[in-house]
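Here the sequence shown stands for residues -16 to -1, 1 to 179, numbered as in mature numbering (1 follows the signal peptide of the UniProt record, and there is no 0).
Every residue, glycine too, gets a C-beta built ideally from N, C-alpha and C.
Okay, structure first, notes after.
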Amino acid sequence: MLLARILFCFALLVTAHNVALRPRGRECFFEDLNPGDVLRLNFMASDRTRQVSSPKIDFFVTDHAGRIIESRSQVTSGDWETVINTKGRYKYCFSNDASDNVGIEVLFNVHGIMHVDPGVDDELAREVNKLRDIVRQVKDEQEYIIVRERTHRNTAESTNSRVKYWSVFQLLVLVSNVSFQIWYLKRFFEVKAVI
């Protein structure tokens, strides 16, 4: 019974989301929270189209009354956490206001810890809570590493493609130059017979 109560009290809501922001676009999400709940957000922006090496987004959070409680401009990634004081619907938004022609992909995780009854305060519960937080951090970092790897792979492939085309262009210029020089020197040393 105690274990079931501990698991219920320390329930962790973990969801990973991936959303595509259109140029000049905004995506908003909301959570209905109660006093004492903890809301934690982690996010990272990436660009699958290889047009931007480090895409920037705007991030903001509003409370149930529409007041902005957190606002960050032109960030690539971030973490945010708060303890909720009043019951209501909290909204968090990501926007791509800085770009007119590049879509950005945002990977974000929402973690919520439901309010814990102060009567349940023992050593096992604290250790379970610490372990849960560490496992969540490792999971988040693995997801971010996957996004970073994709971004770096796209950059490397783009660079390799440019190097390949530049090498082909240089080869064509070299072959053209050599052909012209051979033709010119051959014409220069031709023996012209006078009749």
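Which residues bound the beta strand (DSSP E) around residue i?
| i | result |
| --- | --- |
| Phe44 | 41 to 46 |
| Ile53 | 52 to 59 |
| Ala29 | 22 to 30 |
Just the Cα atoms here: how many angstroms apart are residue i and residue j?
| i | j | result |
| --- | --- | --- |
| Arg110 | Asp117 | 11 Å |
| Tyr149 | Arg132 | 26 Å |
| Asn113 | Asp42 | 31 Å |
| Val86 | Leu169 | 52 Å |
| Ala4 | Phe153 | 36 Å |
| Met(-16) | Arg10 | Annotation note: pLDDT 41 at Met(-16) (below 50); position unreliable, no value reported. |
| Val175 | Trp167 | 14 Å |
| Ser151 | Val157 | 10 Å |
| Asn138 | Ser37 | 9 Å |
| Thr66 | Ser55 | 13 Å |
Figure out for me which residue from the options has the closest Cα to the Cα of residue i.
| i | options | result |
| --- | --- | --- |
| Tyr76 | Thr139, Ser151, Leu17 | Leu17 |
| Asn80 | Thr70, Ile68, Gly96, Val59 | Val59 |
| Gly96 | Lys123, Arg24, Phe78, Val45 | Arg24 |
| Arg8 | Phe14, Lys40, Val94 | Lys40 |
| Ser83 | Thr70, Phe44, Ile129, Asp31 | Asp31 |
| Phe78 | Glu107, Asn69, Ala29 | Ala29 |
| Glu125 | Glu15, Asp63, Gly20 | Asp63 |
| Asp21 | Ile68, Phe164, Leu115 | Ile68 |
Looking at residue i: is its Cβ nearer than 8 Å to the Cβ of residue j?
| i | j | result |
| --- | --- | --- |
| Phe27 | Ser61 | yes |
| Leu91 | Asn161 | no |
| Arg45 | Tyr74 | In the sequence as displayed, the identity of residue 45 is Val instead of Arg. In contact: Val45 and Tyr74 (Cβ atoms closer than 8 Å). |
Task: Segments assigned alpha helix (DSSP H), at least 4 residues, entirely inside the region 100 to 149 - done: Unbroken alpha helix (DSSP H) runs of no fewer than 4 residues, entirely contained in the region 100 to 149, are not found.
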